[in-house]
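UniProt numbering puts the last residue of the sequence shown at 707; the count rises by one with no breaks. Using N, Cα and C, we set each Cβ at its ideal position, and we do this for glycine too. Here the structure comes first, spelled out in C-alpha cells, and everything after it is commentary.
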Amino acid sequence: MSRLLYRLGRAAALRPWRFIVVWLVLIGAMAGIAGVAGGTLHDNYTLSGTGSQEARDLLEDRFPALSGADARVVVHAKSGTVDQAALGTASAELRKLPHVSAVDPPQPSKDGATALMTVRYSVPVTDLAPKPTLELLRDATGNLDKAGYQVEFGGQVPENVTAPGGVAEAVGIVAALVILLLAFGSVVAAGLPLAVALAGLGVGVSGITLLALFTNVATTSPTLASMVGLGVGIDYALFILTRHREGLAGGLDVPESVGRAIATAGMSVIFAGFTVLLALCGLVLSRIPSFMTMGFATGLVVAATVLSAVTLLPAVLGLSGRRVLRRRDRAAGATISAESPRVRRWAEHVGRHPWPWLVAALLLMLALAAPMLGMRTWPSDASSEPTSNTVRQSYDLVADAYGPGANGTFLVAADLEKVDASALPGLGQKLSRVDGVVAVAPAQLSPDRTAAVIIVTPEYGPQDEAVTGLVDRIRADVLPPGTEITGLTATYVDLSRVLSERLWPVIGVVVATSFIMLMIVFRSVLAPLKAAAMNLLSIGAAYGVLTAVFQWGWGAELLGLPHSVPVSSFILLLMFAVLFGVSMDYEVFLLSRVREEWLRSGDAHGSVSTGLAATGRVITSAALIMVAVFLGFAMDPGVIIKQMGVGLAAAVALDATIVRLVLVPATMALLGRANWWLPKPLARVLPNIDLHGATPAGDAEREHQPA
1 MSRLLYRLGR AAALRPWRFI VVWLVLIGAM AGIAGVAGGT LHDNYTLSGT
51 GSQEARDLLE DRFPALSGAD ARVVVHAKSG TVDQAALGTA SAELRKLPHV
101 SAVDPPQPSK DGATALMTVR YSVPVTDLAP KPTLELLRDA TGNLDKAGYQ
151 VEFGGQVPEN VTAPGGVAEA VGIVAALVIL LLAFGSVVAA GLPLAVALAG
201 LGVGVSGITL LALFTNVATT SPTLASMVGL GVGIDYALFI LTRHREGLAG
251 GLDVPESVGR AIATAGMSVI FAGFTVLLAL CGLVLSRIPS FMTMGFATGL
301 VVAATVLSAV TLLPAVLGLS GRRVLRRRDR AAGATISAES PRVRRWAEHV
351 GRHPWPWLVA ALLLMLALAA PMLGMRTWPS DASSEPTSNT VRQSYDLVAD
401 AYGPGANGTF LVAADLEKVD ASALPGLGQK LSRVDGVVAV APAQLSPDRT
451 AAVIIVTPEY GPQDEAVTGL VDRIRADVLP PGTEITGLTA TYVDLSRVLS
501 ERLWPVIGVV VATSFIMLMI VFRSVLAPLK AAAMNLLSIG AAYGVLTAVF
551 QWGWGAELLG LPHSVPVSSF ILLLMFAVLF GVSMDYEVFL LSRVREEWLR
601 SGDAHGSVST GLAATGRVIT SAALIMVAVF LGFAMDPGVI IKQMGVGLAA
651 AVALDATIVR LVLVPATMAL LGRANWWLPK PLARVLPNID LHGATPAGDA
701 EREHQPA
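Laid out in C-alpha cells, this is it:
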C-alpha cells in the first residue's frame, strides 16, 4: 500500500491543480447538495426496554395530548398579583399555535405573584423547530410582556434551543494557526495544515447534513464532529508536512519528497484515522439512536480529513514548492532535523531509571483519576444554564413559587385494559403517602378511556440525587402491573442507568478490536497491550479531571456555569470513543517511528530514544493544537460540548506528556526486546503490513525477532 501512496503523492505534487480542482468541485458540490436536499437534524433518545419508554409509548398511542412536547410560560408580577384576565387572553392565543393540543389552566402561586401555564404539543420536541417555536410563544404572550410582567419560558421546547455557535471554532482555529506559525516559522507551512483540515471538515459536515436525509442525526453531532475533525485533521496534515520538510532539507526534490512523505507518514495517518473510526463504531453498541448517529457523523468528518491529508495536501505541497521551509533553510545544504536532542536525553535518562519514573507517573495518573470514583452522571437541565437565560429564570421562578420538584413532575401512566379504573383513586392515595412526594393530581382519562395519567410532584428538583431513589421506590412499592412512570426526570433516571450499563460492552469491544489491529500493524503482542492499558489510564485521568472541574466545581464558574453540575450522562460513552481513537493516533505515530528504528538497527533500547526524539517535537505541536482546539470548544454554551472540550483537552495533554514522555520509555525500557515479541504461529498467519514504506521490513523483523 505504501507504493500506491507514494505514486499518489508524487502524482499530486507533479499535477497539483488537477487534485485541487477536484477538491474544490467536491467541496462545492457537497455544500450545494446539502443546502438544497440536506436533511434536518433530529434528536432521538428512544430507550427501548425501559419503563419510562413503555409509559411514553402508551401515552403516544392513547393519550396524544400528554405524549408530545411541552413548554412552560411562567408569568411573574414584581409587585402585586398577576391579572387573571390577561392570563386568559394569553392562554387563548397559545391555543392557536401550530401543533398545540392543549393549554393547561393557569396555575397561580400561593401569593398570586406567579402564574404557570403549561403548553402541550401533539408532537415530540424533536419534531419542532426550537427557535421558531419559541418565537411563536413570545408572540402569543406579548400582551403579558406589554403589561409589565416578567415572562419566562421553560420546558422541553425552550430548553431545546441552542445558543449560536461559531466562537469555539474560531478560537480553536486562531490558536492552532499561532502554534503552527511558531513551530514552522513559515506562513505557508502554518497555513497548509489548517487549510487542508478545513477542506476535509467542509466535506464531512456537508456529509452529516446528507446523512440526516436517511436517519435521525443528533443536533449536537455537527459540533462534536467539528471538534474532533478539526483537531485530528490539523494533526494528520502536520505529521505529513513535517516528514516532507525533512525530505526537502535532505536534498530531495519536491515531488520525490512529497511521495515519500505520503508513503510513510501518510500510511500512519491512514491507520491512525482507522483507529478513530474503529473507536467511534463502538457507539453502535449503545443502541441509542442519537449516540449511534453521533459516531457515524464524527466518523464521516474523520474519514474526510484523512482523505484530504493524503490527496489534497500533497497537491498543495507540490504547488508550494520549497516555500514550506523558512527562508534561511532554503539555502543549499541547509538541513532540518525533526529530532529533539532534549527529548533524546530525557528518554535515555528515563530508560536508565525506569522503575522510579514508572511508579511516579502511575501514582500521578491514578491520583488524577481518583475523583472518578465519586462521579455522578446525570443529564444537564435548565438549572445548569447561566442566570441570564430565560429557561434558567423560568426554572428559578417555578422553584421559588411552587417548590423545586415542580420543575420535574412525574407522569404515572396506567393502561386501563390491564388496570381497573376504580383502582385509580387508591393508587393516587398510595402515591401521596410515598416519602418525597408533595402533591398528586387527580387521574386524567384519555379520550377513549383506555388510559389514564396521574401527575405527581416530587419534593426534589430534577438534579437532586434523591430523585433516583424516589423513582425506584415508586416503581417497586406502589405501581401495580399495567402502570409505569415517565416524564423528564424518570427518563433521566433510565437514561443514566442505560448508559452506565452499556459503557462496559463498548469499552470491551473497542479495546479488543484496537488491540487486534495494532497487533497486525506492529506485529507485536506487548506493544499494543501496553498501548491499550495506557490509553485507558489517560481516559480514567480525564474522567477524574471532569469530576473535579464540574462536579466538585473547581472550574465551573470559569467556564461560564452558575454552579457545580454533575457530569453529563452522555459524556462517558462519547469521551471514551473519541479519546481512545485520538490517543491511539499518537501511539501509532510514535510506535511506527520506534519500530522503524528497531527494524533498521535491532537496538531495543536505542530505538525507543530515537523514536521519541524523532517524534517529540511534532507530537508536542500536534498535542498543543488539539488542546487549543478542545479548550476553544469549552467556551461553547452547551454543557455537553463544554464538558467534552475540557475532558478531551485534559486527556490529550496528559497523553502527550506523562504517557509519551515517561510511561512509554519506562515500560519499553523494562520490556526490552520483548516489546516486539510475537508468537511464531501468529507471525505466520498475520499479514505483514509495510507501515514505513520499506520493502524489506519482513526480513528485518525476522532478523531482530527476540528469542
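Quick one: is residue i buried, meaning 16 or more other Cβ sit within 10 Å of its Cβ, or exposed?
i           : result
residue 353 : exposed
residue 155 : buried
residue 53  : buried
residue 695 : The pLDDT assigned to residue 695 is 40, lower than 50, so where the model puts this residue is not dependable, and the model offers no usable value.
residue 553 : exposed
residue 682 : exposed
residue 662 : buried
residue 585 : buried
residue 233 : buried
residue 429 : exposed
residue 699 : Any answer about residue 699 is weak, because its pLDDT of 36 lies below 50 and its placement is not dependable; what the coordinates show is given next. Its Cβ having fewer than 16 others within 10 Å, residue 699 is exposed.
residue 355 : exposed
residue 706 : Note on residue 706: pLDDT 42, under 50, position unreliable in the model; the coordinate value appears next. Under this definition residue 706 is an exposed residue.
residue 213 : exposed
residue 8   : buried
residue 680 : exposed
Going by alpha carbons, who is nearest to residue i out of the options?
i           : options               : result
residue 72  : 133, 32 and 218       : 133
residue 26  : 496, 312 and 475      : 312
residue 480 : 423, 513, 674 and 552 : 423
residue 47  : 487, 439 and 622      : 487
residue 563 : 550, 574, 573 and 572 : 550
residue 108 : 84, 656, 90 and 129   : 84
residue 372 : 182, 547 and 14       : 547
residue 11  : 90, 319, 340 and 471  : 319
residue 4   : 266, 29 and 42        : 266
residue 241 : 195, 282, 202 and 203 : 195
residue 540 : 9, 366, 213 and 257   : 366
residue 290 : 231, 475, 343 and 499 : 499
residue 375 : 569, 644 and 342      : 569
residue 431 : 443, 421 and 259      : 443
residue 209 : 198, 225, 197 and 368 : 225
residue 192 : 176, 281 and 207      : 176
residue 492 : 511, 513, 482 and 465 : 465
residue 561 : 104, 680 and 638      : 638
residue 583 : 395, 655 and 391      : 655
For residue i, collect the residues of the same chain with a Cβ closer than 6 angstroms to its Cβ; drop the 5 residues on either side in sequence, then sort them by chain order.
i           : result
residue 446 : 62 and 63
residue 126 : 42 and 43
residue 326 : 185 and 186
residue 139 : none
residue 581 : 275, 276 and 279
residue 56  : 486
For residue i, which residues in the same chain have their Cβ closer than 7 angstroms to its Cβ, ignoring the five residues on either side in sequence?
i           : result
residue 611 : 590, 593, 594 and 597
residue 434 : 473, 474 and 478
residue 340 : 613, 616 and 617
Got a sec? Which residues, its chain only, sit under 8 angstroms from residue i by beta carbon, not counting five neighbours each side?
i           : result
residue 17  : 315 and 319
residue 137 : 71, 73, 94, 97, 119, 153, 157 and 158
residue 687 : 520
Within the present structure, is the beta-carbon of residue i separated from the nearest heavy atom of the ligand SAH by less than 7 angstroms?
i           : result
residue 583 : Absence of the ligand SAH is noted for the structure shown, with no ligands found whatsoever.
With 8 angstroms set as the bound, which would you pick, yes or no: does the beta-carbon of residue i sit closer than that to a beta-carbon of chain C?
i           : result
residue 192 : In the structure shown, chain C does not exist; there is a single protein chain.
Review point. Do the region 447-463 and the region 410-424 make contact, defined as three or more Cβ pairs closer than 8 angstroms?
Key: The region 447-463 vs the region 410-424: in contact.
**Study point:** Whole runs of the beta strand (DSSP E) within the region 92-126, excluding any shorter than 3 residues
**Key:** For the region 92-126, whole beta strand (DSSP E) runs of length 3 or above, ordered along the chain, are 100-103 and 114-121.
Check your understanding: Using 8 angstroms as the threshold, is the region 30-38 in touch with the region 121-130, meaning 3 or more CB pairs across them?
Key -> Taking a cut-off of 8 angstroms on C-beta distances, the region 30-38 does not touch the region 121-130, as fewer than three cross pairs fall below it.
Practice item. Would you check if the region 639-653 and the region 187-194 touch, i.e. whether three or more CB-CB distances between them fall below 8 angstroms? Key: Output reads no: the region 639-653 does not touch the region 187-194.
Check your understanding: Hey, which unbroken runs of the beta strand (DSSP E) at 3 residues or more fall wholly within the region 607-653?
Key -> As far as the region 607-653 is concerned, it has no whole beta strand (DSSP E) run of at least 3 residues.
**Study point:** Cβ contact (3+ pairs, closer than 8 angstroms) linking the region 259-277 and the region 141-156
**Key:** Here the region 259-277 makes no contact with the region 141-156; the two share fewer than three CB pairs at distances below 8 angstroms.
Practice item. Output the residue ranges of the alpha helix (DSSP H) runs that lie fully inside the region 235-301 and measure 4 residues or longer, sorted by chain position. Key: Taking 4 residues as the minimum length, the alpha helix (DSSP H) runs contained wholly in the region 235-301 are 254-281, in order along the chain.
Check your understanding: Three or more C-beta pairs closer than 8 angstroms, one from the region 290-305 and one from the region 574-583: is that the case here?
Key -> Yes, since at least three Cβ pairs between the region 290-305 and the region 574-583 fall closer than 8 angstroms, the two stretches touch.
**Study point:** the region 313-323 contacting the region 212-229, beta-carbon criterion three pairs below 8 angstroms
**Key:** Pairwise C-beta distances place the region 313-323 out of contact with the region 212-229, as fewer than three of them are shorter than 8 angstroms.
Review point. Fully enclosed by the region 462-530, which beta strand (DSSP E) runs are 3 residues long or longer?
Key: Listed in chain order, the beta strand (DSSP E) runs fully inside the region 462-530 are 483-486, counting runs of at least 3 residues.
Review point. Is the region 665-680 close to the region 600-607, with three or more CB pairs under 8 angstroms?
Key: Yes, since at least three Cβ pairs between the region 665-680 and the region 600-607 fall closer than 8 angstroms, the two stretches touch.
Check your understanding: Between the region 301-308 and the region 281-289, do three or more beta carbon pairs fall short of 8 angstroms?
Key -> No, the region 301-308 does not touch the region 281-289.
Check your understanding: Whole beta strand (DSSP E) runs in the region 128-157 with 3 or more residues, listed along the chain?
Key -> Counting only runs of at least 3 residues, the region 128-157 fully encloses the following beta strand (DSSP E) elements, listed from N- to C-terminal order: 150-154.
Check your understanding: Of all the beta strand (DSSP E) runs that stay within the bounds of the region 349-399, which reach a length of 3 or more residues?
Key -> Whole beta strand (DSSP E) segments, 3+ residues: zero.
Point to revise | Entirely enclosed alpha helix (DSSP H) segments - the region 393-455, minimum 4 residues | key: Fully enclosed alpha helix (DSSP H) runs of 4 or longer: 424-432.
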